[in-house]
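Participant: The numbering used here puts the first residue of the sequence shown at 16, with every later residue one more than the last. Using N, Cα and C, we set each Cβ at its ideal position, and we do this for glycine too. The structure's right below; bear with me while I get my questions together.
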Amino acid sequence: MLPNLPFDPSHCLIDGTWRATNATLPLINPSTGETLCNIARSFEDDVNAAVIAARSALEDTWGRMTALERGRCLTRLGQLVLDNADLLTTLEALDVGKPLSQAHADAVALARYCEFYGGAADKLHGQTIPYLDGYTVYTLREPHGVTGHIVPWNYPMQIIGRSVGAALAMGNACVLKPAEDACLTALIFAHLAKEAGFPDGALNVIPGLGSEAGAALARHSGIQHLSFTGSVRTGKAIQIAAAANVVPVTLELGGKSPQIVFADADLDAALPFLVNAGLQNAGQTCSAASRILIQQNVYDEVADRMADAYRAKTIAPACDDPDIGPLISIRQKERLETTLRAAQDLTCIARTPMPQNLPEGGAYVQPRLYGPTPPDHPLAQDELFGPVQVLIPFDTETDALEIANGTEYGLVAGVWTQDGARQMRLAKALRSGQVFLNNYGAGGGVELPFGGVGKSGHGREKGFEALYGFSTLKTVAARHG
Ligand code: NAD
């Protein structure tokens with residue numbers, strides 16, 4: 016059952032006020048199939064009101080605050096997120112089907128984003144530029160204005176933290192469109208932002224359908240920057256909408272990320288990363304390590320050990336805190352099962368046992384590990400977004416690099432080898448936004464710039480780098496003789 020909330024979850028938040036929309040949408044608990052509550056279904060008018068509220072906040076209140084004051088708001092918000100971490104954890108488990116421990120880690124990460132960007136708010140400076148005699152030239156870092164944030168359902172808290180956190184730090188006013196499948200933590204975050212002292216309109220939240228609220232936000236002429244995380248298909252639509260208004264856009268569109276295991280790797284150290292980076296959040300992770308490339312002479316050992324790890328994982332409703340919960344929805348479950356049915360030519364070498372007593376309406380998919388998989392097979396090329404990994408044997412470093420770089424994506428890559436020269440060669444040659452040497456993910460790394468190349472998208476969020484993306488540069492040239 017849904018805990019009591021300090022606001023009506025069927026409302027959107029515009030200009031500091033919770034408002035009803037003309038219609039609502041049911042929010043489903045994917046662990047059971049039950050309806051948790053109704054959420055707002057925002058339309059063009061609601062989006063318009065949110066953009067107007069954000070613009071007013073820029074002109075009257077939020078836009079007049081100093082960087083130090085903005086930073087303090089974010090830092091207070093980080094503390095409130097920590098104080099409310101248990102509530103956020105429960106809501107995310109119910110809403111996303113994310114196991115409690117993983118949901119709690121997301122709540123802590125959200126707080127950390129607020130702390131990080133709270134501290135960074137007054138640290139991004141302009142420069143002075145030596146120029147002609149009689150001139151003083153300097154640059155000013157300024158907010159874009161009203162920023163639109165369209166986030167998916169897989170890591171709502173982390174993605175809101177990295178995108179809205181950085182945008183607010185730079186003094187933008189935000190309109191946030193959470194996913195229709197999961198938006199409760201976005202609403203709590205906005206509620207806490209009010210408590211932390213953000214002026215009305217600095218952060219507006221308009222839940223709703225992508226084709227309605229999302230599309231209306233993407234094409235709105237009052238938006239000066241768009242940040243989107245989700246599918247390639249929607250990312251293209253967002254980029255086209257942004258182009259119509261000539262506004263910058265940050266796209267994070269997922270991947271088909273490899274981990275490469277060489278024969279000289281420390282396999283004991285590698286093993287948990289090889290498996291967990293594929294199964295965390297039931298594989299619904301943009302940076303999931305969905306391809307494991309293994310050098311031939313250790314292939315059997317790695318495959319056997321990964322298979323054992325798959326068999327030892329637990330599956331259960333999210334609130335029982337298993338290793339693996341359900342997928343986000345029956346729609347995603349059916350999509351994945353259709354794809355897997357078409358992959359009969361591959362050998363599934365391990366499955367996680369499915370307990371008998373799973374709730375009937377839950378969106379559970381049996382985790383599967385596939386044995387030797389040709390690098391050009393659809394399961395080795397397409398983002399599956401489920402608890403599925405493929406193993407790809409290789410002979411040489413050159414082969415490994417060609418396979419690793421051989422998809423349309425380039426988000427994250429991991430390399431396991433004790434050969435330092437090989438580490439450096441591959442770190443340079445891998446076509447990827449992040450490369451991890453003898454680890455994978457580095458513990459989440461709020462401080463580490465994140466984003467892709469190719470179909471994984473463009474622009475960087477996270478870390479200090481995000482502040483450049485969420486600001487624009489003005490050059491001032493003063494002629495004084
Ligand atoms: P999606 O891209 O359709 O949805 C992501 C967000 O975009 C949601 O808030 C949605 O409401 C919004 N949206 C949808 N259509 C829109 C439009 N026309 N204009 C503006 N906003 C719109 O993703 P999905 O349907 O939730 O998932 C489908 C696939 O996307 C997944 O299977 C997965 O491959 C991929 N995905 C990737 C990530 C990631 O982190 N890279 C996250 C979620 C989904």
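(1) Does the distance from the CB of LEU406 to the CB of GLY376 come in under 8 Å?
(2) Is DSSP giving ILE255 helix, strand or coil here?
(3) Assign GLU84 to one of two classes, buried (16 or more other C-beta atoms within 10 Å of its C-beta) or exposed (fewer than that).
(4) Tell me the DSSP secondary structure of VAL380 in three-state form.
(5) Using only the alpha-carbon positions, how far apart do CYS129 and LEU97 sit?
(6) Could you check whether the Cβ of THR14 sits closer than 7 Å to any heavy atom belonging to the ligand NAD?
(7) With a floor of 4 residues, list each alpha helix (DSSP H) that falls wholly inside the segment 272-327, ordered by position along the chain.
(8) Whose C-beta lies closer than 6 Å to the C-beta of CYS52 among residues of the same chain, with five residues either side of it excluded?
(9) With hydrogens ignored, establish whether the beta-carbon of ASP254 is closer than 7 Å to any heavy atom of the ligand NAD.
(10) For HIS119, name the three-state secondary structure that DSSP assigns.
(11) When you compare the CB positions of LEU224 and ARG56, do they come within less than 8 Å of one another, or not?
(12) Taking 7 Å as the cut-off, is the beta-carbon of GLN371 closer than that to any non-hydrogen atom of the ligand NAD?
(13) Where are the alpha helix (DSSP H) runs, 4 residues long or more, that stay fully inside the segment 154-218, in chain order?
(14) Excluding five sequence neighbours on each side, which residues of the same chain lie with their C-beta closer than 6 Å to the C-beta of ASN467?
(15) With a 10 Å radius around its C-beta and 16 neighbouring C-beta atoms as the bar for buried, classify MET185 as buried or exposed.
(16) Is the beta carbon of ILE345 within less than 7 Å of some heavy atom of the ligand ATP?
(17) By a C-beta neighbour count over all protein chains shown, 10 Å radius and 16 as the cutoff for buried, is PRO382 buried or exposed?
(18) Check whether the Cβ atoms of ILE442 and LEU452 lie closer than 8 Å to each other.
(19) Looking at VAL190 and ALA65, is the spacing between their C-beta atoms short of 8 Å?
(20) Only counting the same chain, and skipping five residues up and downstream in sequence, which positions put a Cβ closer than 8 Å to that of ALA322?
(21) Classify THR32 as helix, strand or coil using the three-state DSSP reduction.
(22) Apart from the five residues just before and just after HIS159, which ones in its own chain have a Cβ nearer than 6 Å to its Cβ?
(23) Distance, Cα to Cα, LEU399 vs ALA303?
(24) Could you name each continuous beta strand (DSSP E) segment of 3 residues or more that falls completely within the segment 370-427, going from the start of the chain to the end?
(25) Can the beta-carbon of ALA69 be found less than 8 Å from the beta-carbon of GLY216?
(26) Flag ALA194 as yes when its Cβ comes closer than 7 Å to any non-hydrogen atom of the ligand NAD, and as no otherwise.
(27) Please look up how many angstroms separate the CB atoms of TYR132 and ILE144, rounded, as I've assumed it's under 8 Å.
(28) Alpha carbons only, please: which of ILE330, ALA378, ARG156 and VAL430 is nearest the one belonging to LEU289?
(29) Pick out whichever of ASN260, VAL220, VAL247 and THR244 has its Cα sitting closest to the Cα of SER236.
(30) Residues in its own chain within less than 6 Å of ILE167 by CB, not counting five upstream and five downstream?
(31) Compare the Cα-Cα distances from ALA82 to each of LYS138, GLY298 and LEU207 and report the closest residue.
Facilitator: Walking through what the data contain:
(1) No. Outside cutoff.
(2) Looking at ILE255 - three-state DSSP - the assignment turns out to be helix.
(3) Label assigned to GLU84: exposed.
(4) Reduced to three states, the DSSP call for VAL380 is coil.
(5) Taken atom to atom, the span from the alpha-carbon of CYS129 to that of LEU97 is near 10 Å.
(6) The displayed coordinates of the chain run from 16 to 496. Any statement about residue 14 would go beyond what the structure contains.
(7) Within the segment 272-327, complete alpha helix (DSSP H) segments of at least 4 residues are found at 282-294 and 311-327, given in chain order.
(8) Taken in chain order, the residues that qualify are LEU17, PRO24 and LEU42.
(9) Looking at the sequence shown, residue 254 is not Asp but Gln. Taken from the Cβ of GLN254, every heavy atom of the ligand NAD lies 7 Å or farther away.
(10) Note: HIS119 maps to helix in three-state DSSP.
(11) At the C-beta level, LEU224 and ARG56 come within 8 Å of one another.
(12) GLN371: no, Cβ never under 7 Å from the ligand NAD.
(13) Whole alpha helix (DSSP H) segments, 4+ residues: 171-184 and 199-210.
(14) The question names Asn, yet the displayed sequence has Gly at residue 467. Within the same chain, GLY467 has close Cβ partners GLY425, LEU426 and GLY448.
(15) Label assigned to MET185: buried.
(16) The ligand ATP is not part of this structure, which contains only the ligand NAD.
(17) With 16 or more Cβ atoms within 10 Å of its Cβ, PRO382 is classed as buried.
(18) Note on identity: in this sequence residue 442 is Ala, with Ile being the wrong assignment. Yes.
(19) Yes, the pair counts as a contact, with Cβ atoms nearer than the cut-off.
(20) ILE364, ALA365 and LEU384, listed in sequence order.
(21) Note: THR32 maps to strand in three-state DSSP.
(22) Only ASN187, GLN239, HIS240 and THR487 meet the Cβ criterion.
(23) If you take the alpha carbons of LEU399 and ALA303, they lie about 10 Å apart.
(24) Fully contained in the segment 370-427 are the following beta strand (DSSP E) runs of length 3 or more, in chain order: 383-387 and 403-409.
(25) Yes, the Cβ-Cβ distance between ALA69 and GLY216 is below 8 Å.
(26) Yes, the ligand NAD has a heavy atom inside 7 Å of this Cβ.
(27) Not really, about 27 Å apart at Cβ, beyond 8 Å.
(28) Comparing alpha carbon positions, the residue from ILE330, ALA378, ARG156 and VAL430 closest to LEU289 is VAL430.
(29) Comparing Cα positions, the closest option is ASN260.
(30) Inspection of the sequence shows that residue 167 is occupied by Pro rather than by Ile. Its chain contains ALA194, THR244 and GLY245 as the residues whose beta carbon lies nearer than 6 Å to that of PRO167, once the 5 sequence neighbours on both sides are disregarded; these appear in chain order.
(31) For the residues LYS138, GLY298 and LEU207, the minimum Cα distance to ALA82 belongs to LYS138.
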